[in-house]
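Below is one structure; the comments refer to it alone.
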Amino acid sequence: MKIELPEKFVKEPTGYPFSPVLAVEGKELVLTSGMCCDDYDGTIPDSMEEQARNTLLACERYLKEAGCGLENVFNVEVFMKDLGQWDAFNAVYREIMPDPKPCRRALQVGLLPGYLVEVVMWAVK
112 MKIELPEKFV KEPTGYPFSP VLAVEGKELV LTSGMCCDDY DGTIPDSMEE QARNTLLACE
172 RYLKEAGCGL ENVFNVEVFM KDLGQWDAFN AVYREIMPDP KPCRRALQVG LLPGYLVEVV
232 MWAVK
């Protein structure tokens with residue numbers, strides 16, 4: 112498995128934590144379903160930061176069960192109730208996601224009540 116950022120794009124050219132393009136080599140794709148922030152007891156945190164952290168860590172748990180980690184992720188799809196909270200999401204995302212940062216897209220969408228963010232990850236192993 113190898114995920115590489117072409118030399119031209121070694122830094123974050125947009126100022127955001129994503130790669131504009133990645134070269135991916137592997138034998139097996141692993142995808143998560145849309146993950147949200149539920150704690151094991153079904154509690155939904157109020158803040159974007161807590162929801163982002165719980166959501167990304169939930170993705171990581173499921174990837175590990177499939178034999179991958181966040182370092183194997185090459186694409187992330189972020190669905191947010193309010194793109195005005197993009198900076199709060201990115202602050203947590205920068206902490207959790209390793210380099211090179213995956214390619215990414217974000218959409219403002221309607222989510223189930225209480226949820227602020229949902230994430231889908233694509234990985235290769």
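Counting in the numbering used here, the sequence shown tops out at residue 236, every number present.
We treat Cβ as the ideally placed atom computed from N, Cα and C, and that holds for glycine.
No experiment lies behind these values; they were computed from the predicted model shown.
- The way I'd put it, the region 171-180 doesn't touch the region 192-205; fewer than three beta-carbon pairs between them come closer than 8 Å.
- Taking C-beta separations shorter than 6 Å and ignoring five residues to either side along the sequence, the partners of residue 160 in its chain run 199 and 203, following chain order.
- Under the rule that a run must span 4 or more residues, the alpha helix (DSSP H) segments found entirely inside the region 153-216 read 159-176 and 197-207.
- Annotation for residue 231: the continuous beta strand (DSSP E) segment containing it runs 228-235.
- Residues 181 of the same chain have their beta carbon placed closer than 6 Å to that of residue 171, with the five preceding and five following residues left out of the count.
- In this model, residue 191 and residue 167 are separated by some 13 Å (Cα to Cα).
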